[in-house]
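Contents: one structure, followed by commentary.
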């Protein structure tokens, strides 16, 4: 079949949208004031989407400048000091203002109540408060960057951050602290909503895997974020009072900071990737027309990743001087995370087997996610091995590894999700052709950017330097060329998605013939989601393969 | 919200549109409070871990610093806070029996004991500030033999002030909530808060109490005997 026939088979536009019984959530009350005081989870999701997109491109500008500097071996575009501030800005913005809130706060906010058949989240006011905290935290971080920047790296390692750095560390810490409280409120809302607001018939093992993934993510947000919050407060106190809780010269312990920081920041990696797994688990069955393979194992694997993820933070500290025995235990536990992760990859693959696969834009993103996540995950095993990590620690190998997970994994899945649920959120269809082209450009640009960085790191190129020996130039130039391609790929959806808002064809309630509850209501859904309260009578993912 | 009015008018206290019944709403709120408290518990975690590491690195200096705390006032404060928790529990019972006036009086008494705790704690801080025990440039304990001991003692007081101040902040929020509730209970729902709200405030109050039950021995008692 050609791809055009594929589209015809998957896009169900035969049924004209029926007369609406209730207006959609976007209709009416369109003043700015109405939006800024809304308690509708769907509108809050849109607020998040707009703000997160802004910060994504801001963090992207910092990354572009980094790659531009690295096109030549000499440090000639920016000073080393500015370079430090650039990669710190890139890290802080991308981690706390984009990746952590991206899928949970945008797609999760919009979809969690719809998917469990609820009228809203349990605490709508808290949900809005969480967006305001996000904006406040974002404003503080932005101020810290505009006032002169921060040069510690996103990890704020002590005693450099607390005693020696002459940049705006305290402001950045304050911003991240506020963002943390925003995360906690979102997490709390998700946990309580899933426990209390499921529709009749929606048992735990009928929940879509997207809900499972965001539920597990919420557990991490609620239990790990407060540890980071207090740690950042202690760093700020140390800096303001010149007392050395993390400074060995003053009787403190710098490893204590690293333990506390990674106790949050490793689970935070799963905050970034678990929701992405949830998105892939929705898209792949729909466009393979097959039930997800091993549903219960998928759900258990999500929980296992969340739980084991709390116990592996020490693998960021293999070369820190922590006890060798601690290193061995952390190494073993890190290998253990690979098991549930591999279960998920195998099950996605098995879902495709004998399916009727449609290579639509969301599917291209989802398949890209699976492939890139696999590469990122396997190279994670290299880094979990104690001896190999000594060689690879603090090199571009590490940079490539986590970008494969965070960008190749999470950002691909986020974009896949945005395309998949675009008709539901906006009531419009986007251009399928442009969607596919963008997905392929992003996939190619991503690999060109980050695959050379594995080779660079293996050859010994350390991270966080703005100049380097000439023999590394070829790989660096390839990586920078990839970054340009990637930037073009990221700008394309901005164009055609915006165009579709005004000119896209109207979407039917269920254009992909998908099975989730969110597709049972109109596109866009009415204010309280369902005209009639849904009752769940089927297992999730009740897809049947088409006749060839 | 138009859909809101249809459900809200009939049943006091207000049933928010996302809930199907009052039982569901009450459960969600109390469950939400438990999740929040779990998060709060981990918020205090780094302070306790920091204390543990400090004591392992500098057992002697931690003991010396701990002996500067006022054990008598700390013990009195523990009794004050435990009593306040008893009154809060009684307020919860009264509210459950729909004796709103009694609940309001008990909440007022709870808040007054909370204020008493804060006053005593403030007096302690004042004393310690006078003895140059506040971390920073002015930190000069009278018994530190050398700079290393003084640094370690300063770290103890950093954790002491951070933990007790954070605890006091939580208690102040609890006092404000108790006073607001005591006032609000005089009006019937839907204008006043529902009876189950007292239960929620109680959960929070007991949590703040439990945090103190850990801080009190850790800061005042255990290191004092050693080193």
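Protein chains in written order, with the working numbering: chain A, 239 to 786; chain B, -13 to 213.
All residues carry an ideal CB built from backbone N, CA and C; glycine is no exception.
The C-beta separation of residue 781/A from residue 397/A comes to about 56 Å, leaving the pair out of contact by the 8 Å criterion. For the pair residue 386/A and residue 762/A, the CB atoms are not nearer than the 7 Å cut-off.
At a cut-off of 7 Å, the C-beta of residue 412/A has no neighbouring C-beta in chain B. Any Cβ of chain B closer than 7 Å to the Cβ of residue 357/A would place that residue at the interface, and such an atom is present. For the segment 6 to 23 of chain B, the beta-carbon criterion of a distance under 7 Å to any beta-carbon of chain A is satisfied by 10, 13, 14, 17, 18, 21 and 22.
As computed with DSSP, residue 469/A is found in no beta bridge at all. Ranked by Cα distance from residue 469/A, the options 135/B, 172/B, 145/B and 157/B are led by 145/B.
433, 434, 435, 460, 461, 464 and 465: these are the residues of the segment 431 to 465 of chain A whose beta carbon lies less than 7 Å from some beta carbon of chain B, given in chain order. Listed in chain order, the non-local C-beta contacts of residue 585/A below 6 Å within the same chain comprise 531, 532 and 536, local neighbours out to five positions each way being set aside. The Cβ atoms of residue 695/A and residue 633/A lie closer than 7 Å to each other. Taken through DSSP and simplified to helix, strand or coil, residue 269/A comes out as coil.
At the C-beta level, residue 683/A and residue 654/A stay beyond 7 Å of one another.
Put simply, the CB of residue 194/B is far from chain A, with every gap to its CB atoms at 7 Å or more. Only 488, 489, 490, 491, 494 and 498 from the segment 488 to 502 of chain A bring a Cβ to less than 7 Å from some Cβ of chain B. Counting only Cβ-Cβ distances below 7 Å, residue 33/B has contacts in chain A at 468, in chain order.
Contacts with chain B at 7 Å (Cβ-Cβ) include residue 481/A. Within the segment 399 to 429 of chain A, 422, 426 and 429 place their CB atoms closer than 7 Å to a CB of chain B, listed in sequence order. Scanning 775/A, 520/A, 595/A and 420/A for the CA closest to the CA of residue 335/A turns up 420/A. Scanning 434/A, 442/A, 390/A and 329/A for the CA closest to the CA of residue 776/A turns up 442/A. Contact note: residue 148/B reaches chain A through 471, 472 and 475, using a C-beta cutoff of 8 Å and chain order. Taking a Cβ-Cβ threshold of 7 Å, the residues of chain B close to residue 362/A are 4, in chain order. Contact annotation: in the segment 121 to 135 of chain B, residues whose CB is within less than 7 Å of a CB in chain A are 121, 122 and 134.
For residue 353/A, the uninterrupted alpha helix (DSSP H) segment begins and ends at 347 to 354. Nearest CB-CB separation between residue 158/B and chain A: not below the 7 Å threshold.
Per DSSP, residue 16/B is one residue of the alpha helix (DSSP H) stretching across 8 to 43. Residue pairing by DSSP places residue 700/A opposite 633/A in a beta bridge.
Contact between the segment 660 to 678 of chain A and the segment 729 to 747 of chain A is established, with three or more Cβ pairs separated by less than 8 Å. The beta-bridge partner set that DSSP reports for residue 744/A consists of 666/A.
The alpha carbon of residue 309/A has as its nearest neighbour, out of 784/A, 711/A and 771/A, the alpha carbon of 711/A.
Proximity to residue 681/A across 600/A, 356/A and 305/A peaks at 600/A, based on C-alpha coordinates.
Counting only Cβ-Cβ distances below 8 Å, residue 26/B has contacts in chain A at 464, in chain order.
As the crow flies, the alpha-carbon of residue 93/B is around 18 Å from that of residue 154/B. In this structure, the alpha-carbon of residue 74/B lies about 14 Å from that of residue 171/B. Residues of the segment 178 to 208 of chain B with a C-beta less than 9 Å from any C-beta of chain A: none at all. Residues of chain A with a Cβ closer than 8 Å to the Cβ of residue 29/B are, in chain order, 464, 465, 467 and 468. Residue contact with chain A for residue 151/B: absent (no Cβ-Cβ distance below 7 Å to any residue of chain A).
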